[in-house]
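Asks: Throughout the sequence shown, residue numbering follows the numbering used here, covering 4 to 176 in sequence.
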Amino acid sequence: MPLLLVVVFLVVPIAEIAVIIRVGEAIGGWQTFGLLVLESLLGGWIVKREGRRAWRELRASLARGGLPTTELLDAALVLIGGTLLLTPGFLTDVVGFFLVLPPTRPLARRLAMRTITRRVARRAERTVAGWGRPGAPRDGRVVPGDVIEGQVVEGHVVDDSRDGRDGGRGRTR
Numbered sequence: 004m005p006l007l008l009v010v011v012f013l014v015v016p017i018a019e020i021a022v023i024i025r026v027g028e029a030i031g032g033w034q035t036f037g038l039l040v041l042e043s044l045l046g047g048w049i050v051k052r053e054g055r056r057a058w059r060e061l062r063a064s065l066a067r068g069g070l071p072t073t074e075l076l077d078a079a080l081v082l083i084g085g086t087l088l089l090t091p092g093f094l095t096d097v098v099g100f101f102l103v104l105p106p107t108r109p110l111a112r113r114l115a116m117r118t119i120t121r122r123v124a125r126r127a128e129r130t131v132a133g134w135g136r137p138g139a140p141r142d143g144r145v146v147p148g149d150v151i152e153g154q155v156v157e158g159h160v161v162d163d164s165r166d167g168r169d170g171g172r173g174r175t176r
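1. State buried or exposed for residue 103, treating a residue as buried only when at least 16 other CB atoms are found within 10 Å of its CB.
2. Go through its chain and collect everything with a Cβ distance to residue 56's Cβ below 6 Å, but skip five positions before and after it.
3. Hey, residue 92 and residue 23 are a contact pair by Cβ (cut 8 Å); roughly how many whole angstroms apart?
4. Give the straight-line distance between the Cα atoms of residue 54 and residue 28, rounded to the nearest whole angstrom.
5. Residue 3 by DSSP, collapsed to three states: which one?
6. When the Cα atoms are used, what is the spatial distance from residue 117 to residue 66?
7. What do you get for residue 158, buried or exposed, if any count of 16 or more other CB atoms within 10 angstroms of its CB means buried?
8. What distance in whole Å lies between the Cβ atoms of residue 96 and residue 88, which are believed to be in contact at a cut-off of 8 Å?
9. Can you have a look at residue 40 and say buried or exposed, based on whether 16 or more other CB atoms are within 10 angstroms of its CB?
10. At least one CB of chain C closer than 9 Å to the CB of residue 13: is that the case?
11. With DSSP collapsed to three states, give me the class of residue 96.
12. If we call anything under 9 Å between Cβ atoms a contact, is residue 120 one with residue 99?
13. Looking at the unbroken alpha helix (DSSP H) that takes in residue 77, where does it start and where does it end?
14. Tell me where the alpha helix (DSSP H) around residue 42 begins and ends.
15. Going by the CB atoms, is the gap between residue 94 and residue 18 shorter than 9 Å?
16. On a CA-only basis, which of 26, 90 and 36 is nearest residue 15? Give me that one, please.
17. Beta-carbon within less than 7 Å of residue 69's beta-carbon, same chain only, minus the 5 sequence neighbours each way: which residues are those?
18. Cutting at 8 Å between CB atoms, please list the residues of its own chain near residue 13, excluding the five before and the five after it.
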């Protein structure tokens with residue numbers, strides 16, 4: 004996770020500035036600025052349209068009583084893509100359009116699902132291994148206390164002594 008933060012907050016801005024400078028050298032400063040503004044406006048319009056569509060599909064899936072995994076992931080991809088499109092730069096715009104546009108979003112969804120599935124499986128492998136059952140201490144020590152052996156009787160207690168020492172004569176229904 005710390006490496007990801009370094010990449011996001013240090014490497015990406017440096018790469019964006021380098022690309023903007025290269026594009027500015029190739030087509031001119033004002034044209035580069037105009038292209039960045041045009042990408043932001045186009046991206047904003049697409050995000051608005053696709054965000055509404057994703058929200059509508061998410062609500063429809065919930066109304067049907069289904070589990071909205073695809074719809075929820077689509078909404079998240081549109082949100083992340085929209086954030087990237089609002090960030091000035093060509094590299095983030097390319098990734099943002101990839102996440103937002105309907106023809107490329109299914110591929111982004113598959114990649115995201117594969118990544119999420121791997122991470123959940125890896126985390127589950129780490130948390131399942133250990134001593135005892137769920138809720139047991141992780142260091143393998145035995146919790147002190149009396150072990151009361153007996154037989155479980157299904158039902159509700161309707162008559163029981165106050166101090167709990169009736170010798171198991173409480174009546175059940």
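Note that the Cβ used here is the ideal one computed from N, Cα and C, for glycine as well.
Replies: If we stick to the structure as given:
1. buried
2. none
3. 6 Å
4. 35 Å
5. Examination of residue 3 is not possible in this model, given that the chain is present from 4 through 176 alone.
6. 27 Å
7. exposed
8. 6 Å
9. exposed
10. No chain C is present in this structure, which holds just one protein chain.
11. helix
12. no
13. 72 to 89
14. 32 to 67
15. yes
16. 90
17. none
18. none
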